[in-house]
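Line order of the protein sequences matches chains A and B.
The numbering used here numbers the first residue of the first sequence as 617 and each following residue consecutively.
The numbering used here numbers the first residue of the second sequence as 617 and each following residue consecutively.
There are 2 protein chains.
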Amino acid sequence: MALKNKSIYAILGILSLSPSSGYDIKKYSDKVLSGFWNENFGHIYPTLKMMLKDGLIEIVSTEKNQKKIKYGITEKGRQELEAWLLEETIPQPMRSEFLLKLLFSSSQPKERVINMLKNYRKLHEKNLDKYLEMQKNLEQDNQDISKERACFMKAILRRGIISGEAVIRWCDETIEELQR
Amino acid sequence: MALKNKSIYAILGILSLSPSSGYDIKKYSDKVLSGFWNENFGHIYPTLKMMLKDGLIEIVSTEKNQKKIKYGITEKGRQELEAWLLEETIPQPMRSEFLLKLLFSSSQPKERVINMLKNYRKLHEKNLDKYLEMQKNLEQDNQDISKERACFMKAILRRGIISGEAVIRWCDETIEELQR
DNA sequence: GACAACTATATCAGAGTGATATATTATATG
DNA sequence: CATATAATATATCACTCTGATATAGTTGTC
């Protein structure tokens, strides 16, 4: 298959919920997908153009006198999204700069490494708090999201929470090990 | 700072252990860094050329009649590596295609989603086994690696193991939730 | 009405990925 | 001993993805 633009699927997924502009897509990514999916304007806009050319999406409205262009998903787009959902997901390569740094830090002063780990821990704690907050919000009001979708979002949040807790535990364990 | 080539640091780190060719660097990445760091030939070779031009590395030997070019780290390279180790690590953007797919799978048949999760679980189980195997190997023989370095490698492996176990637990929990 | 904050699109250089091409050197197998 | 095949080694390409920057209209507020 060779190198596939994955933003297409994120965009199709978002448009399948409701027609959106490039800016809306970015906002949704930052708000809802944040933590497990990243999108840039520099990729969204060219991808939208390409998808429009390929008939995966269509222009729904060019609102009044505004610059805003709203895109909607087409039938072909829905088929593409559905096909992707059925595909097996191949794991993507990882790049953790933190772990790379840690690996090459064995000659650094212990205090320095412990500090690194404490900062890393703090970061994950902050993330964890964010996820717990999002979980609370999700349980309160189910205004626009369907019960089904809310259940899936909760599962994904749980994933973030469980992983976050594991990383924090590892930090504590490793700091303790270094202090001995 | 704007967009920084991070492969430089991986390469400097590897060369700080022993002079290597591009091919050696790739092998080391696949064997030792695998699981938290990815490198490609398509990035290693141009980066090596750039680093040579910048004086971060030097050609140590062009072995006999072979094609192999061995690079070593220079004093300037060591300084660059050291400076990076002292820098704060900014978290890098994530892209989990699996979680993206899961989020948009709420209208898929339950059986289908459970299958997705089972495959994902299997993948992480395999990874976990690999880490446990690596941990065993690390405890047995400490031939070339220093005691200090071995300790850091163990910590990184522990990280992979703890995270892997957490993901597997999440899979089980989520599958159970879906079956209810 | 000035100033900040937000909405909106576009473009660019450079980082990173995976595929492919090419050639040499070990190693095995019949 | 020939020859297949696996491993070693470098190079290049198209494409994806990132983060920065440019530009301009709209909304809010003090």
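Quick reminder that beta carbons are idealized off the backbone N, C-alpha and C, glycines included.
Only a predicted model underlies this, so the values are computations on that prediction, with no experimental measurement involved.
query                                                                                                                      : result
Any non-hydrogen atom of the ligand MN closer than 7 Å to K763(B) Cβ                                                       : Ligands are entirely absent from the displayed structure, and the ligand MN is therefore not among its contents.
Amino acids of chain A, ordered along the chain, whose beta-carbon sits closer than 8 Å to that of M710(B)                 : G651, F652, W653 and N654
Secondary structure of R796(B), DSSP reduced to three states                                                               : coil
Spatial distance of L633(B) from I675(A) (CA atoms)                                                                        : 56 Å
Three-way DSSP call (helix, strand, coil) for I778(A) in this model                                                        : helix
Interface residues of chain A facing P707(B) [CB-CB closer than 7 Å]                                                       : L739
Separation of W653(B) from T790(A), as counted between CA atoms                                                            : 20 Å
Spatial neighbours of E636(A) in its chain, beta-carbon cut-off 8 Å, leaving aside the 5 residues before and after         : The sequence shown places Ser at residue 636(A), not Glu. The answer, listed in chain order, is I630, Y644, K686 and Y687.
Start-to-end residues for the beta strand (DSSP E) that takes in K717(A)                                                   : Per DSSP, K717(A) belongs to no beta strand (DSSP E); it is in the alpha helix (DSSP H), E713 to L719.
Rounded separation between P709(A) and G651(B) - CA only                                                                   : 8 Å
With 16 other Cβ atoms within 10 Å as the buried cut-off, status of N753(B)                                                : exposed
Minimum Cβ-Cβ distance from F657(B) to chain A less than 8 Å                                                               : no
Candidates A766(A), P707(A) and Q695(A), of which the one nearest S722(B) by Cα                                            : A766(A)
Cutoff 8 Å: S779(B) Cβ touching any chain A Cβ                                                                             : yes
Span separating the alpha-carbon of S737(A) from that of W786(A)                                                           : Checking the displayed sequence, the identity of residue 737(A) turns out to be Arg instead of Ser. Approximately 9 Å, taken between the alpha carbons.
Those runs of the alpha helix (DSSP H) which lie wholly inside the segment 635-664 of chain A and span at least 4 residues : 638-644
Outcome for Q671(A) when other beta-carbon atoms lying within 10 angstroms are tallied against a minimum of 16             : Looking at the sequence itself, residue 671(A) is Gly, so the reference to Gln does not match. Per the 10 Å Cβ criterion, exposed.
Sufficient close CB pairs (3 or more, under 8 Å) joining the segment 726-740 of chain B to the segment 740-749 of chain A  : no
K686(A) - partner residues in DSSP beta bridges                                                                            : S677(A)
Residues within the segment 754-774 of chain B neighbouring chain A, beta-carbon criterion of under 8 Å                    : S762, E764, R765, C767, F768, M769, A771, I772 and R774
When L794(B), Y639(B), L773(B) and N621(B) are compared against L715(A), the one with the closest alpha-carbon             : L773(B)
Inter-residue Cα distance where the pair is L719(B) and E793(B)                                                            : 15 Å
Min CB distance Y644(B) to chain A below 8 Å                                                                               : no
N-terminal and C-terminal residue of the alpha helix (DSSP H) that N731(A) is part of                                      : K726 to Q756
Contact under 8 Å by Cβ, K642(A) with F657(A)                                                                              : yes
Among E704(B), I706(B), S677(B) and L664(B), nearest to G693(B) - alpha-carbon criterion                                   : L664(B)
Separation of P725(B) from L697(B), as counted between CA atoms                                                            : 51 Å
K717(A) burial status per 10 Å Cβ neighbour count (16 or more: buried)                                                     : buried
Which of helix, strand or coil DSSP assigns to D788(B)                                                                     : helix
Closer than 9 Å at the beta carbon, the chain B residues around K622(A)                                                    : R711, E713 and L716
Length of the line joining the Cα atoms of L701(B) and K669(B)                                                             : 22 Å
Integer Cβ distance of S779(B) from S779(A), believed to fall under 8 Å                                                    : 6 Å
Three-state secondary structure (DSSP) of I706(A)                                                                          : coil
Local Cβ density within 10 Å of A699(A), reported as buried at 16 or more and exposed below that                           : exposed
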